[in-house]
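Asker: If you scroll down you'll find the structure; I have some questions about it.
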Amino acid sequence: MAIQWFPGHMNKARKDVMERLKEIDVVIEMLDARLPASSANPMLARMAKGKPRLMILNKQDLADPAITSQWLEWYRAKKQTQAIGLDAGERAPSQKLVAACRELAPNRGGLDKPLRVLICGIPNVGKSTLINSMSSRKIAKTGNMPGVTKNEQRIILADDVELYDTPGMLWPKIEVEEGGYNLAASGAVGRNAMDEEEVSLELLKYLLQHYVPELTARYKLDEVDGLQDWQVLEMIGRKRGAMLGGGRVNIQKAAEIVLTDFRDGNTGRITLERPQEWVVWEKRAKEL
Ligand code: G4P
């Protein structure tokens with residue numbers, strides 16, 4: 207396919223972020239814990255090079271906890287990088303963020319020069335939800351910080367820690383084919399940019415490889431051993447009554463059911479990529 211997703215404003219966002227980064231001590235990148243590498247923005251990694259980074263694996267309530275642990279270890283092993291898991295149910299997310307940022311930049315901050323943190327993330331990772339949950343009564347208008355518009359908001363996370371939201375939109379940049387499918391499965395890619403049948407088949411292929419118990423339980427399937435993704439999609443369509451005339455399965459409807467169930471967490475706690483898999487996919491993409 208496959209996923210055609212390169213919306214405009216990318217260059218504008220890049221310039222805005224570059225400008226903002228000059229004053230920033232720690233860069234937070236919010237990721238979707240179900241697809242941490244695919245939901246990262248490779249451009250941001252290059253722009254923030256040399257700065258301490260905090261990776262937030264958000265929506266961990268939807269992800270496979272064992273694989274989230276693998277990813278947290280993977281990120282923590284990188285230089286100047288910390289990683290935490292999070293979800294919208296976290297009672298005091300700002301405390302978690304502040305602790306991680308202080309650890310990353312122990313010599314920064316103080317009442318006269320606060321620790322400045324920038325939060326970035328592609329759409330749909332849950333950035334607005336997190337910011338809203340942390341910002342009640344703590345929003346301040348920005349002062350004269352270079353590159354910051356007067357009316358832009360900053361969030362006071364602690365007396366000496368300020369959080370800034372990314373200016374503009376940071377879109378995903380698809381460099382790895384599997385990453386494109388994973389983004390599409392998660393709902394981060396616009397409907398017009400993908401073929402739902404193809405995305406659901408890729409999703410089913412992965413579930414058949416790693417999550418057979420969850421798959422069979424969700425759709426009350428007896429046996430999927432040796433079956434192909436398209437055969438399973440047809441079975442799901444039949445089970446769910448997604449039929450056209452003449453006993454044919456409505457494949458589009460079946461694909462929508464599979465995708466919606468995954469997005470809503472109805473299929474179970476599932477992660478679509480493991481660190482070691484990602485290394486292989488990325489290597490293959492670079493060789494192409
Ligand atoms: P964004 O700013 O990064 O684009 O994401 P946003 O906060 O708008 O969140 C995108 C969707 O993800 C929202 O659902 C939101 O409720 C959901 N979400 C955010 N954080 C979490 C989390 O930790 N766990 C789970 N399970 N979901 C999370 P939506 O269906 O688009 O909207 P709504 O149903 O909340 O209205």
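By my numbering, the letter at position 216 of the sequence shown is numbered 422, and the numbering carries on one by one without gaps.
Where is the CB? At the ideal position from N, CA and C, for every residue including glycine.
These figures come from a predicted structure and were not determined experimentally.
(1) Under the criterion of a Cβ to heavy atom distance below 7 Å, does G291 qualify as lining the ligand G4P?
(2) Do you know whose CA, among R424, E440 and L414, lies nearest V430's CA?
(3) Near G327, which residues of its chain fall below 6 Å by C-beta distance, leaving aside the five closest residues on each side in sequence?
(4) Take D270 as the anchor and find which of S341, V486, R480 and W487 has the nearest alpha-carbon.
(5) To the nearest angstrom, how far is the alpha carbon of P329 from that of L389?
(6) According to DSSP, is L439 part of a helix, a strand, or is it coil?
(7) Report the CB separation of P258 from Q286 in whole angstroms; it is logged as a contact under 8 Å.
(8) Looking at I273 and T473, is the spacing between their C-beta atoms short of 8 Å?
(9) Quick one: does the C-beta of L407 sit closer than 7 Å to a heavy atom of the ligand G4P?
(10) Take the Cβ of P419 as the centre, count every other Cβ of all protein chains shown within 10 Å, and call the residue buried at 16 or more, exposed below.
(11) Just to confirm before moving on: does the CB-CB distance between T372 and V486 stay below 8 Å?
(12) If you draw a straight line from the alpha carbon of A448 to that of I290, how long is it in whole angstroms?
(13) Contact check, L324 vs Y370 under 8 Å by CB: the rounded distance?
(14) Start and end of the beta strand (DSSP E) containing D371?
(15) Determine the burial state of G451: buried for a count of at least 16 other Cβ atoms within 10 Å of its Cβ, exposed for fewer.
Answerer: Concretely, from the data shown:
(1) no
(2) L414
(3) M236 and K333
(4) R480
(5) 10 Å
(6) helix
(7) 5 Å
(8) no
(9) no
(10) exposed
(11) no
(12) 40 Å
(13) 5 Å
(14) V367 to D371
(15) exposed
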